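Residue 89 in full-length UniProt numbering is what sits at position 89 of the sequence shown, and the numbering runs on without skipping anything.
Ideal placement from N, C-alpha and C gives every residue a C-beta, glycine not left out.
From a predicted model like this one, the values you see are computed outputs, not experimental measurements.
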Amino acid sequence: MANSDQSNQPNSCNQPAPASGSSVDLIPHMTENNKQVAFKILSDFLSKMTPGQHSCKKIYQDSNKQLKQLKDEVMEQTKQRKEQMDQQWALD
1 MANSDQSNQP
11 NSCNQPAPAS
21 GSSVDLIPHM
31 TENNKQVAFK
41 ILSDFLSKMT
51 PGQHSCKKIY
61 QDSNKQLKQL
71 KDEVMEQTKQ
81 RKEQMDQQWA
91 LD
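Written out as C-alpha cells, the structure reads:
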C-alpha cells in the first residue's frame with residue numbers, strides 16, 4: 001500500500017520543462033545563504049582545476065617549441081648534406 005504523504009508531494013518528473021532563457025531554481029529547498037556557500041565551494045574547487053589546464057597549455061607550448069627546434073636542426077642538416085653532395089658531384 002502506498003504512503004499517502006508521497007501522493008501529495010509534487011513529482012519533479014511530471015513538471016513541465018522551463019521556458020528557454022528563464023531562470024530556473026535548481027535547488028529550491030536551499031536558502032540564499034546556503035546557495036552562496038555552495039557556489040563559493042564550487043568556485044574554489046573549479047579554481048583549483050585551472051593550474052592543471054595551464055600546465056597542459058605549457059606542456060603543449062613546450063612540445064611545439066621542441067618540435068620547431070628539431071625541424072630547424074633537420075632542415076639545417078639536410079641543407080649541409082645537400083651542399084656536400086653538390087660539392088662531391090662537382091668533383092666527380
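Short of 7 Å from the beta carbon of glutamine 69, and not among the five residues preceding or following it, lies no beta carbon of its own chain.
The alpha-carbon of aspartate 44 is positioned some 52 Å away from that of threonine 78. Rounded to whole angstroms, the separation of the alpha carbons of lysine 57 and threonine 31 is 39 Å. A straight line joining the alpha-carbon of leucine 46 with that of lysine 65 spans about 29 Å.
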